[in-house]
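Colleague:
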Amino acid sequence: MTTAVLELRSVTKEFHGNAAIKDVDFALHAGEIHSILGENGAGKSTLTKVAAGVYKPTRGEVFYQGKPVEFLSPQEALENGISMVFQETSLVPSLTVAQNLELGNEKPLNRLRGLYISAQQFLQSLNFEVDPTALVSQLGAAKKQMVEIARAVRHNAKVIIFDEPTATLTPEEKYHFFKLVNRLKNQGVSIIFISHALEEALQISDRITILRDGEHVITDKVAKFDRDMIISHMVGRNLSKEIHGETGEKRKSRPSGKRILSVQNLSMGSMVRNTSFSVFGGQVTGVFGLIGSGRTETFKIIAGAVKRDFFHGGEVRLSGKPVRYRVPKPAINDGIIYVTEDRKLEGFFETKSIAQNIYSGLLGADLNKNLMVNYAEMRELAKVWTKRLNVKTIDNDSKVIELSGGNQQKVVLAKALVQKPKLIILDEPTRGVDVGAIAEIHDMINELADTGLPVVMISSYLPEILTLSDRVLVYRLGRVVEEFSADDASEEKIMYAAVH
Amino acid sequence: MINPFARILDSFMGRGSAAVTVPPLDGALKPNNQLEELPEGIAGASPDDSALWHGEPLYSDKNRLMSVSGAVVATMSSPLTAIATSGDRLAIASVDNGLEIFDANLKNITPTWDKRIRNLTALTFTDAGALWYCSGSSRLAPDEWRRDLMEMNRAGSVGMADITTGIVRVVKSRLGYPAGVVGLSNGNVAVSEAWRSQVIEISAEGQIIRVMLDEIPGYPGRIHRRPSGGYWLTIFAPRSPLIEFVLREPGYRKAMLAELAPEHWIAPAYISGQSFHEPLQGGALKQMGILKPWAPTRSYGLVVETDADFIPQRSFHSRSGGTRHGITSALEHDDTLWLTSRGCCEVLSMRLKTQGENA
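Those protein sequences? They're chains Z and A, same order as listed. Under my numbering, think of the first position of the first sequence as 1, with each following residue one higher. Under my numbering, think of the first position of the second sequence as 501, with each following residue one higher.
1. If we cut at 9 Å on Cβ distances, does A:LYS792 have a partner in chain Z?
2. What's the C-alpha gap between Z:GLN408 and Z:ALA486?
3. With distances taken Cα to Cα, identify the nearest neighbour of Z:VAL316 among Z:PHE277, Z:SER469 and Z:GLY66.
4. Around the C-beta of A:ARG739, are 16 or more other C-beta atoms found within 10 angstroms, so that it is buried, or is it exposed?
5. So with CB distances below 9 Å, who are the chain A contacts of Z:HIS312?
6. Nearest chain B C-beta to Z:ARG471 closer than 9 Å, yes or no?
7. Are the beta-carbon atoms of Z:PHE266 and Z:LEU423 separated by less than 9 Å?
8. Which partner residues does Z:ASP220 have in the DSSP bridge list?
9. Can you tell me which of the three DSSP states Z:PHE177 falls into?
10. Does chain Z have any CB closer than 9 Å to the CB of A:GLN813?
11. Could you list which residues in chain A have their beta carbon closer than 7 Å to that of Z:GLU377, in chain order?
12. If contacts are defined as beta-carbon pairs under 8 Å, then A:PRO547 and A:VAL803 qualify, I think. What distance do you get, rounded to the angstrom?
13. Using 10 angstroms around the beta-carbon of A:GLU832, count the other beta-carbons present and answer buried if the total reaches 16, otherwise exposed.
14. Check whether the Cβ of Z:PHE299 lies closer than 9 Å to any Cβ atom in chain A.
15. If I measure Cβ to Cβ from A:GLN698 and keep anything under 6 Å in the same chain, skipping five residues before and after, which residues do I get?
16. Listed from N- to C-terminal order along the chain, which residues in the segment 278-297 of chain Z have their beta-carbon within a distance smaller than 7 Å of any beta-carbon of chain A?
17. Distance, Cα to Cα, Z:PRO171 vs Z:ILE204?
18. Quick check on A:PRO741 - is its C-beta less than 9 Å from some C-beta in chain Z?
19. For Z:SER293, does the three-state DSSP call read helix, strand or coil?
20. Between the alpha carbons of A:PRO678 and Z:GLN145, how many angstroms are there, rounded?
21. For the segment 301-385 of chain Z, list the beta strand (DSSP E) runs that are entirely contained and at least 3 residues long, ordered along the chain.
22. Could you pull out every residue in the same chain whose Cβ sits closer than 8 Å to the Cβ of Z:LYS44, ignoring the five residues on either side in sequence?
23. If you compare alpha carbons, which of A:GLY822, A:SER799 and A:ALA704 is closest to A:TRP765?
24. Which residues in the same chain have their Cβ closer than 6 Å to the Cβ of A:PHE816, if we skip the five residues on either side of it in sequence?
25. Assess contact between the segment 662-679 of chain A and the segment 645-653 of chain A, defined as three or more Cβ pairs (one per stretch) separated by less than 8 Å. Is contact present?
26. Just checking: is the beta-carbon of A:GLY821 within a distance shorter than 9 Å of some beta-carbon in chain Z?
27. Check for me: the alpha helix (DSSP H) holding Z:ALA449 runs from which residue to which?
28. Which class does Z:GLU200 belong to by DSSP, given the choice of helix, strand or coil?
29. By the criterion of Cβ-Cβ separation under 7 Å, what are the contact partners of Z:GLY501 in chain A?
30. If you follow the beta strand (DSSP E) that A:SER567 is in, where does it begin and where does it stop?
31. Report yes if the CB atom of Z:SER256 is closer than 9 Å to the CB atom of A:ALA528, and no otherwise.
32. If distances are taken between C-alpha atoms only, which option among Z:LEU91, Z:ILE358, Z:ARG479 and Z:ASP25 comes closest to Z:THR296?
33. Find the residues of chain A that neighbour Z:PRO322, judging by a C-beta separation of less than 9 Å, and give them in chain order.
34. Since A:PRO523 meets chain Z, which of its residues come closer than 9 Å, beta carbon to beta carbon?
35. Would you say Z:LYS352 touches the ligand NAP, meaning its beta carbon is less than 8 Å from a heavy atom?
36. Output the distance between the C-alpha atoms of A:MET756 and A:GLU556, rounded to the nearest integer angstrom.
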């Protein structure tokens, strides 16, 4: 019989009297990769946080290497060999990559040069292309995640917990990450892997555990699972068709409405290069491109979050009227709403409640008619939108940071929708969101387009682009290089245009 | 007070009125090669406008009015510039004679017009029987449209002519080369104002009700109603950043108009690339004997199908390097689209059942 390195027996964790996980049994064997899957809010993160000493269980026991343990902090768990890579980055932005890697292991005197050299060697051994001298605040989401992973590996842990490690990585970075995970496994490290990408779990795991609504559903060897089976265990119904459009019928695309947005020869440094395209009402315009292709930057210019070139920066016309925003506020007032890809950093106020966050959208768009904050309106607004978008929460006064990724995204969407958009730009709307919430967000996107709203959906996930888009714009090297109608588009064609 | 400064700043920074940008050909206007792939059409001298007369498509070809079966229906003393039909009535506009009305036997029944109507670019009978006309310019003939554009004139007008009493009423003037007109179901008309690249709705009282379609990436011309609803809109020449730039340089334009022959102007054309004397952009150089379809061009073939609200639904193109350029009219009859091309001087026919929705 295989020995369990880490075991949780009948563990329950309650917040404000509500159980996030209930009587969950979980065992991690030595040298195995064990995926934990479930919808957002299923309790995956809570379970692993209990194991990593972030939360103290309300009931139940944790056994580590056969002995009962009660870690008082993640630091204590780390000292005992349990390391966790958090979904939300825990790096210190004002320190360099090398300093972050060394954090917690500092000596009384630290020689910077030596620090950088050892960090450089270590990062290269992991095949992570990150400059150790760069400030973490200047890194993109993907690079931050790589530093997080490197930090966990550096502590020579016996158990490493990866919570959504691949959400921001490119295919090549993922390839290196999986190689690294397998290398760690061969060295005898046990790994817990949490991901919404089911293919990744099926590819990398030895065993899979599925949670639903905080309860254990099934644990078995990976060979016993397939994609549809995982989804039905996760949500209690088959959503594969809803998410991937596997209905067998060709979806009829919506006819083009009026041209709402016209971008003409837009330029911004080397990121956006003389690009032109239009967005039409009543359609979902899917925007695909590899990371660094300039798609997000283009739409940030349109939304006023980034400035275009000062000289000959091109034109943006909203309903025929030239617009040039230096800050997002006038764009919001004109009805251009951009929903960020990095919700944790730019999407919401994490220490504020759901109601306050949704109401802040109203305040941002100057749509509140009162001189002061109207708490009754705030509560009513939160009630309406949490119901409409099915936000799973204890109450609307819960802090957004306490919600699961999918529910956080729904709050961000609610905050955008209260602003009464005339053009809504959704940047990676389902990144880090579970399958159940993906289907709900997809339904919402379709509903918005059906009402005649022009919807722009930037996504790196091709099945999502193909399922939702009425037309697809492909970005490469800072400009739109190809346009496909829904009938013409295929994964191969889109990827070819994005790469060649 | 701030306007002149804003203009100087715009000119310095290349934005606002000084931005030499052109709307993209995307969405329903995404380029294809469908006009170029059509079989050879009916050769003509200079086919221009078209209309349906007693169940048969007619087209104007220089001085002659031709049927697509090859019969000469009428011959005039000067080139025809527009035609329209309604029941037994045939309206013909020509360079010398202006607007003339004919009956079913082609007998001239033109009343004495109380005002001189000239330089007509488009005609249409509305459902109520009123004859609307477009006069591209008050002083330049339709064949001089390139000069009119380069002079940035706004000397066009739209009016109504009563074919029984001869009363002519100018409904709206100071338009930028109105080149197409069609009656709407509400009694107003849709007019394509070429130099402003837009289609506008004008009421019988001369009010511009709304802009129905704007930011057209070319100069819109004649509009024909589709039997099943919606319209065919022809774009007779493309806009390009170079031409937009020239249009913002008055000194250069003035010198160009004064010193160069019209065929050598940097201006849109019905057809281009025929002579090495013509102005050429670097991107339009032939590589290995082939002109790239996306090369900068002064001429283009484009016809757009719109819905009843003038929202483009699909389009047919002849791109750079093609010859089916300068489409000046598109008439749908019996699932066939008849197109007059000033570029290749052909009347092209397209079976709509083999294209797009009906395929």
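No residue lacks a Cβ here, since even glycine has one placed at the ideal position from N, Cα and C. No experiment lies behind these values; they were computed from the predicted model shown.
Modeller: From the atom records:
1. no
2. 30 Å
3. Z:PHE277
4. buried
5. MET513, GLY514, ARG515, ALA519 and VAL520
6. Of the protein chains in this structure, namely Z and A, none is chain B.
7. Strictly speaking, residue 266 of chain Z in this sequence is Leu, with Phe absent from that position. Not a contact, by the Cβ cut-off of 9 Å.
8. Z:ILE208
9. helix
10. yes
11. Within chain A, no residue comes near Z:GLU377; the closest Cβ sits about 36 Å away, beyond 7 Å.
12. With a Cβ gap of about 14 Å, A:PRO547 and A:VAL803 do not count as contacting.
13. buried
14. no
15. VAL711 and ASP714
16. SER278 and PHE280
17. 15 Å
18. yes
19. coil
20. 59 Å
21. 315-318, 321-323 and 336-339
22. ILE36, LEU37, GLY38, ASP163, ILE194 and LEU211
23. A:SER799
24. GLN534, LEU535 and VAL803
25. yes
26. no
27. 435-450
28. helix
29. Here chain Z covers residues 1 to 500 and nothing more, so residue 501 of chain Z does not appear.
30. 564-567
31. yes
32. Z:ARG479
33. ARG515, GLY516 and ALA519
34. ARG259, SER262, GLN264, SER276, SER278 and ARG317
35. In the structure on display, the ligand NAP does not appear, and there are no ligands present to speak of.
36. 44 Å
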